[in-house]
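A.B. asks:
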Amino acid sequence: MGDNVSTGINSSINSGTIIGSDVKIGPNALVSGTFESKSLII
């Protein structure tokens, strides 16, 4: 997980997930895989 990542309430990040910097993850999101910097995950 990079710098300045925001996670919403009840969001879950699976093990092995790669998240770049400045990423925003919305509430109730289930995150897995690879995400580049400055991504928005809803």
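Under numbering that gives the first Met the number 0, the residue at position 24 of the sequence shown is numbered 23, and the numbers go up by one with no gaps. A virtual CB, placed ideally from N, CA and C, is assigned to each residue, including glycine.
Got a sec? Which residues, its chain only, sit under 8 Å from residue 1 by beta carbon, not counting five neighbours each side?
C.D. replies: Only 18, 19, 20, 21, 22 and 36 meet the Cβ criterion.
A.B. asks: Find out if the Cβ-Cβ distance for the pair residue 25, residue 7 is shorter than 7 Å.
C.D. replies: Their beta carbons are under 7 Å apart, which means residue 25 touches residue 7 by this criterion.
A.B. asks: Name the DSSP bridge partner or partners of residue 23?
C.D. replies: The partner list for residue 23 (beta bridge, DSSP) reads 5 and 39.
A.B. asks: So, helix, strand or coil for residue 16, using DSSP?
C.D. replies: Residue 16 falls in the coil class under three-state DSSP.
A.B. asks: Mind checking whether residue 28 and residue 14 have CB atoms under 7 Å apart?
C.D. replies: Contact flag unset, no.
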